[in-house]
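K.L.:
Here the UniProt record's numbering is used: the first residue of the sequence shown is 1, the next is one more, and so on.
From the three backbone atoms N, C-alpha and C, an ideal C-beta is built for every residue, glycine too.
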Amino acid sequence: MSTRDKDRSGKLAAGRKKLEKFQARQQSGKKKQGSVPLLLSLPALETNALLQGAGGAPELTAPLPSLTLSNSLSLTTPTDLPAPVANGYSNSDRWSLKARTLTPPRDRISQDSESEDSYLQAQTIDILVAEKSSLESKIHPLQTDLRHKTREVEDLRSRLQSTRLQLEENERLKLSLIEDRTKLDRSLLEERRGREEAEGALQKMKTALEDTRQENTELVSKVTGQAADLHSLQQTTSDLRSRLTMAELLNQQLSAGPSSPSGSGEGLAAGELEELQGEVGRLEGVVRSVSGERDQALGDLDALREAMIQQRQDSAQRLSELHSRLAESEAERLNLSEQLSDVSQRQYELAQHASSEHAQYQESTLVAMETLQQENQELQTQLQSQLAECDKLRRLTGELQRKVEEGEREGERLRESAIDSGALLETMSRDKEALSRAVAQNRELKTQLVELQDGFVRLSQQNMELALDVETERFHVSQLTRQLESRWTHRPQQEKRKTLRRLTTSYTKFRRWRKRGRV
């Protein structure tokens with residue numbers, strides 16, 4: 001048992017002994033006063049002992065000056081009245097007090113019991129005021145904690161809102177990255193198709209060039225054969241011409257000489273001459289036709305050479321263009337590969353940094369949530385204890401109110417027989433007003449406690465909702481991180497640059513937000 005419990009039990013035992021002495025003293029001259037001496041019952045003494053044991057305010061435990069009556073009124077002599085009470089009355093009051101001393105002992109006992117009841121009522125009111133002050137002093141830190149927790153909840157809400165905004169921005173960034181990746185895939189597909197078409201055209205051009213070379217070779221061989229035939233024909237023509245010349249010379253000799261030869265020799269020479277002339281004419285026609293064919297073949301060969309030269313130049317130009325495009329594509333592919341590797345490395349570093357930052361933020365959030373839950377449990381425990389004390393105080397107030405009503409009825413009954421009943425009624429009316437004020441203050445205190453309980457319930461619900469939102473956002477962040485890591489490797493270089501700039505901007509904003517949150 002602690003020291004506070006020992007003091008409380010000792011004070012409670014002293015209060016019980018005092019109550020037993022008071023009841024034993026009043027039983028000697030009791031007359032129709034069954035309910036008045038019991039005005040301060042055992043719950044009141046227990047409440048007083050509890051307040052004194054709990055360390056209540058010393059200035060609030062003293063009785064009110066306007067409601068205090070002396071507890072040391074004697075039952076036998078009037079000289080035991082305290083000085084403040086004696087000085088507080090006028091001469092008529094003093095004569096009434098002297099007359100009171102001359103009254104029968106039964107009247108003095110009733111007056112002493114009334115004064116004792118008034119004193120006990122004043123003590124009861126003091127106890128209620130002290131309890132009210134104690135409850136107010138306990139409610140004030142609870143209200144401060146509630147305001148502090150409300151500010152923390154608002155801060156967490158703002159941080160959660162900023163996290164949601166950042167997640168929405170990441171979603172938009174992801175959608176833009178997907179669109180950019182789709183566009184880049186389309187451009188790469190078109191580039192591949194163009195490259196395949198260029199390779200097909202190059203292959204066709206190579207095939208056509210090979211066919212042209214073969215045709216050129218065939219034409220050259222054909223022209224060479226025709227040239228050889230033409231040369232042989234020219235030799236034959238020259239032989240025939242020489243023979244024709246010899247025949248003409250022979251004919252001239254024969255025609256210029258004597259007419260001794262016979263007619264048969266002339267006929268033979270004339271026949272040979274005609275035959276030679278016919279052969280020469282035929283050979284000249286053949287030579288002319290062969291020359292025409294040769295000229296046509298040479299023209300076709302020149303045209304074919306020019307066409308082949310032009311086609312070769314065009315093919316060489318297109319081939320050079322294709323080679324340049326292939327070289328540019330290869331250089332761009334290498335550049336994209338290098339940039340992709342750089343972006344992948346940066347993304348890996350950013351992902352590690354973001355994961356570490358997220359882990360730290362998650363750990364700090366969990367610690368804050370655990371702290372809030374512990375403080376919420378402590379506040380709920382304090383609230384339950386305060387509610388229990390408030391219920392006990394309410395019951396005590398009800399009992400005191402009933403006893404006050406009984407005291408009022410007893411006072412009305414005793415007013416007819418008491419000499420100084422006016423002062424007693426005034427004192428009781430003041431006691432009643434003070435008690436009414438205490439009851440009203442206790443009612444207001446109960447209302448404040450109910451509102452405080454509702455506030456703690458709302459705070460608990462908000463903490464639960466906040467924890468659920470944090471878990472949901474954590475899941476979304478992890479899922480988004482996995483999606484970004486899985487899709488980042490297939491992104492084009494330009495899109496990755498834009499994504500890297502956006503991620504850098506988002507991370508900078510996140511760092512600034514964290515700094516503001518810490519401040």
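Using the rule of at least 16 other Cβ atoms within 10 Å of the residue's Cβ for burial, across every protein chain shown, is residue 552 buried or exposed?
P.N.:
Outside the displayed span of the chain (1 to 519) sits residue 552, for which this structure offers no information.
K.L.:
Take the Cβ of Val457 as the centre, count every other Cβ of all protein chains shown within 10 Å, and call the residue buried at 16 or more, exposed below.
P.N.:
Indexing the sequence shown from 1 puts residue 457 at position 457. Classification for Val457: exposed.
K.L.:
Here's the rule I'm using: 16 or more other beta-carbon atoms within 10 Å means buried, otherwise exposed. How should Ser113 be labelled?
P.N.:
Stepping through the sequence shown from its first residue, residue 113 is reached at position 113. So Ser113 ends up on the buried side.
K.L.:
Determine whether the beta carbon atoms of Arg506 and Gln203 lie at a separation below 8 Å.
P.N.:
In the sequence shown, the residue the question calls residue 506 occupies position 506. In the sequence shown, the residue the question calls residue 203 occupies position 203. The sequence given here has Ser at residue 506, not Arg. No, Cβ-Cβ distance for Ser506 and Gln203 is not below 8 Å.
K.L.:
So is Val470 buried or exposed if we call it buried at 16+ other beta carbons inside 10 Å?
P.N.:
By one-based count along the sequence shown, residue 470 stands at place 470. When all chains shown are included, Val470 counts as buried.
K.L.:
Among Arg312, Leu435 and Leu379, which has the Cα closest to the Cα of Arg394?
P.N.:
If you number the sequence shown from 1, residue 394 lands on position 394. Closest option to Arg394, Cα to Cα, is Leu435.
K.L.:
Determine the direct distance from the alpha carbon of Gly455 to that of Lys432, and round the result to whole angstroms.
P.N.:
Numbered from its first residue, the sequence shown carries residue 432 at position 432. Numbered from its first residue, the sequence shown carries residue 455 at position 455. Approximately 34 Å between the Cα atoms of the pair.
K.L.:
Would you kindly work out how many angstroms separate the C-alpha atoms of Thr163 and Asn170, rounded to a whole number?
P.N.:
One-based indexing of the sequence shown puts residue 163 at position 163. One-based indexing of the sequence shown puts residue 170 at position 170. Their Cα atoms are separated by approximately 10 Å.
K.L.:
On a CA-only basis, which of Gly10, Ala467 and Leu445 is nearest Ser133? Give me that one, please.
P.N.:
To locate residue 133, count along the sequence shown from 1; it is residue 133. The residue with the shortest Cα to Cα distance from Ser133 is Leu445.
K.L.:
Excluding five sequence neighbours on each side, which residues of the same chain lie with their C-beta closer than 8 Å to the C-beta of Gln448?
P.N.:
As a working note, residue 448 is residue 448 in the sequence shown. Same-chain partners within the cutoff: Ile139.
K.L.:
Might you give, ordered along the chain, the residues of its own chain that have their beta carbon closer than 8 Å to the beta carbon of Glu473, omitting 5 neighbours on each side?
P.N.:
Translated into the one-based positions of the sequence shown, residue 473 becomes position 473. Here the set comprises Leu160, Thr163, Arg164 and Leu167.
K.L.:
Using 8 Å as the threshold, is the C-beta distance between residue 520 and Val287 below it?
P.N.:
Any answer about residue 520 is impossible in this case: the structure gives the chain only from 1 up to 519.
K.L.:
In its own chain, which residues sit with a C-beta less than 6 Å from the C-beta of Val153, not counting the 5 before and 5 after it?
P.N.:
Here residue 153 refers to the residue found at position 153 of the sequence shown. Cβ neighbours of Val153 beyond the five flanking positions: Gln462.
K.L.:
Looking only at C-alpha atoms, which of Arg294, Leu209, Thr427 and Leu135 sits nearest to Thr224?
P.N.:
Sequence index remark: in the sequence shown, residue 224 carries index 224 (1-based). Ranking the options by Cα distance to Thr224, first place goes to Arg294.
K.L.:
Assuming contact is defined by CB atoms lying nearer than 8 Å, are Glu284 and Thr237 in contact in what I supplied?
P.N.:
Residue numbering aside, residue 284 sits at position 284 when the sequence shown is read from its first letter. Residue numbering aside, residue 237 sits at position 237 when the sequence shown is read from its first letter. Yes, Cβ-Cβ distance for Glu284 and Thr237 is below 8 Å.
K.L.:
Measure the beta-carbon distance from Leu387 to Gln453 and round it to whole angstroms, keeping in mind my assumption that it falls under 8 Å.
P.N.:
For the purposes of this step, residue 387 is taken as residue 387 along the sequence shown, with counting starting at 1. For the purposes of this step, residue 453 is taken as residue 453 along the sequence shown, with counting starting at 1. About 7 Å separates the two Cβ atoms, so the contact holds.
K.L.:
Would you check if the distance between the CB atom of Leu250 and the CB atom of Leu276 is smaller than 8 Å?
P.N.:
As a working note, residue 250 is residue 250 in the sequence shown. As a working note, residue 276 is residue 276 in the sequence shown. The answer is no: Cβ separation not under 8 Å.
K.L.:
Find out if the Cβ-Cβ distance for the pair Arg186, Ser329 is shorter than 8 Å.
P.N.:
Taking the sequence shown and counting its residues from 1, one reaches residue 186 at position 186. Taking the sequence shown and counting its residues from 1, one reaches residue 329 at position 329. The answer is no: Cβ separation not under 8 Å.
K.L.:
Please identify the residue among Glu131, Asp117, Arg305 and Asp126 whose C-alpha is closest to the C-alpha of Arg443.
P.N.:
If you number the sequence shown from 1, residue 443 lands on position 443. Minimum Cα distance to Arg443 is reached at Glu131.
K.L.:
Does the Cβ-Cβ distance between Ala467 and Leu128 come in under 8 Å?
P.N.:
Start at 1 with the first residue of the sequence shown, and residue 467 comes out as number 467. Start at 1 with the first residue of the sequence shown, and residue 128 comes out as number 128. The answer is no: Cβ separation not under 8 Å.
K.L.:
Output the distance between the C-alpha atoms of Leu230 and Arg325, rounded to the nearest integer angstrom.
P.N.:
Position 230 of the sequence shown holds residue 230. Position 325 of the sequence shown holds residue 325. Looking at the two C-alpha atoms, the distance is approximately 51 Å.
K.L.:
If we require 3 or more residues per run, which beta strand (DSSP E) segments fall completely within the segment 132-162?
P.N.:
Segments of the beta strand (DSSP E) lying fully in the segment 132-162: there are none.
K.L.:
Can you list, in chain order, the residues of its chain whose CB lies under 7 Å from that of Thr212, leaving out five sequence neighbours each side?
P.N.:
Against the sequence shown, residue 212 aligns to sequence position 212. Hits under 7 Å: Met308 and Gln311.
K.L.:
Sorted by chain position, which residues of the same chain lie with C-beta nearer than 8 Å to Lys509's C-beta, five sequence neighbours on each side aside?
P.N.:
As a first step, residue 509 must be located in the sequence shown, where it is residue number 509. So the list reads Gln166, once near-sequence residues are dropped.
K.L.:
Pull up the CB-CB distance for Arg497 and Leu173, whole angstroms please, since I reckon it's below 8 Å.
P.N.:
Numbered from 1 along the sequence shown, position 497 holds the residue referred to as residue 497. Numbered from 1 along the sequence shown, position 173 holds the residue referred to as residue 173. Not a contact, Cβ separation roughly 13 Å.
K.L.:
Among Ser429, Arg512 and Val477, which has the Cα closest to the Cα of Ile125?
P.N.:
Numbered from 1 along the sequence shown, position 125 holds the residue referred to as residue 125. Measuring from the Cα of Ile125, the nearest candidate turns out to be Ser429.
K.L.:
Can Gln226 and Ala297 be called in contact, C-beta distance under 8 Å?
P.N.:
Mapped onto the sequence shown, residue 226 falls at position 226. Mapped onto the sequence shown, residue 297 falls at position 297. Contact flag set, yes.
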